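Take a look at the structure below.
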Amino acid sequence: MNTRSPFVSVLLLIGIILSACGPSQANLDVRATQVAASIFATQTAQAPTVTPTFTPSPTPTATATATPTSTPTNTPTPTPTPTQALPTATASPTPKPTLPPASPAPTKPPTAIAPTRPPASPAPTKPPTAVAPTRPPAAPGVDVVAERGKETCINKYVSVSYPWEAEQEPQGRKMFYWDEKWSVYPMFARPNIKFRTVLADCNEDQQCKGFTADFCVYVDGGAPPGGSYETEVSLIVASAYPPDRLNGPIRGPKLLATTVAKFSWLIK
């Protein structure tokens with residue numbers, strides 16, 4: 003508020019009063035002093051109360067203040083003081099003497115392979131006396147009772163007609179017998195004929211009616227007991243010159259007769 007306005011108004015009022023009344027100067031001074039004091043007292047008592055006028059202040063705008071970022075200080079890393087390492091003793095490999103390559107083992111010559119049907123021992127050089135069948139049946143309906151885990155044999159007669167062509171000379175013709183082919187038989191049995199025991203049934207006219215040989219069968223130990231089996235075998239009778247070397251083939255074979263024989267067994 004302007005405080006000079008009341009003061010100016012008071013001075014003007016005093017001047018007007020003095021000019022109208024015309025009192026003495028002293029009275030005027032006293033009167034003026036009283037009036038002034040009264041005015042000042044009134045002015046002081048009745049002074050208007052200062053009403054604060056709302057003056058809009060500019061609203062402070064929040065200004066983004068950059069927040070100081072903590073910058074990591076590079077802390078010097080202590081550099082390890084290089085320690086002089088002692089040299090490690092490394093075991094040097096012991097040089098091995100270089101051995102000369104081994105000499106290859108001497109190759110042995112292949113062993114002579116016997117023929118698949120080795121010839122049996124030659125039959126007697128002269129026909130034997132007629133031989134009758136020697137085997138009685140081992141059991142009704144079979145030739146032999148076979149035991150498991152063993153080979154069981156029986157001397158069996160085979161009827162077949164053929165000429166006797168064996169010669170006396172050691173290198174002359176001899177008689178030979180083969181089993182050519184067997185029919186079906188169980189896997190746990192292996193039948194065979196041993197022709198080294200052949201005896202021919204021949205007359206004086208050099209004609210034979212048959213021969214005997216050992217018919218055998220091997221039965222595995224795990225074969226089922228109690229079964230009976232029968233098989234057939236094709237037989238060949240021939241004459242030939244004996245081999246001229248060890249395990250060599252016969253020479254000049256001559257077929258004399260063929261036949262089929264049956265062989266049966268019962269597993270005990």
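Taking the working numbering as reference, the numbering of the sequence shown is continuous, increasing by one, and the terminal residue is 270. Glycine residues also receive a C-beta, built at the ideal position from the N, C-alpha and C atoms. Just so you know, these numbers come straight off a predicted model, no measurement behind them.
- Under the three-state reduction of DSSP, Leu-14 is assigned to helix.
- Excluding its 5 nearest sequence neighbours in each direction, Ala-242 has C-beta neighbours in its own chain below 8 Å: Pro-121, Arg-175, Lys-176, Phe-178, Ile-252, Arg-253, Gly-254, Pro-255, Lys-256, listed in chain order.
- Residue burial annotation: Pro-226 is exposed, with fewer than 16 other C-beta atoms found within 10 angstroms of its C-beta.
- Asp-145 sits buried, since 16 or more C-beta atoms from the chains shown fall within 10 Å of its C-beta.
- Straight-line measurement puts the Cα of Gly-143 at about 14 Å from the Cα of Gly-228.
- The C-beta distance from Glu-182 to Ile-269 rounds to 26 Å, too long to fall under 8 Å, and the pair is not in contact.
- In this structure, Tyr-231 and Ala-191 form a Cβ contact; the two beta carbons are roughly 6 Å apart against a cut-off of 8 Å.
- Around the beta carbon of Val-186, fewer than 16 other beta carbons lie within 10 angstroms, which makes this residue exposed.
- Out of Asn-249, Asp-207, Ser-266, Phe-197, the CA that lies nearest to the CA of Glu-167 is found in Asp-207.
- Annotation: Lys-264 to Asp-222 spans about 21 Å, alpha carbon to alpha carbon.
- In its chain, beyond the 5 residues on either side, no residue has a beta carbon closer than 6 Å to the beta carbon of Gly-250.
- DSSP places Val-186 outside both helix and strand once states are collapsed to three, so it counts as coil.
- If you check the CB distance, Thr-261 and Val-162 come in under 8 Å.
- Burial state of Pro-172 is exposed, judged by a 10 Å Cβ sphere holding fewer than 16 other Cβ atoms.
- The straight-line gap separating the alpha-carbon atoms of Ile-195 and Trp-267 is approximately 14 Å.
- Rounded to the nearest whole angstrom, the CA to CA distance from Glu-153 to Pro-193 is 9 Å.
- Distance between Gln-209 and Leu-201, taken at the CA atoms: about 14 Å.
- Residue Thr-199 holds the alpha-carbon nearest to the alpha-carbon of Phe-217 among Leu-14, Arg-150, Thr-199.
- For Cys-155, the CB contacts under 6 Å within the same chain, skipping 5 residues up- and downstream, are Asp-216, Cys-218 in chain order.
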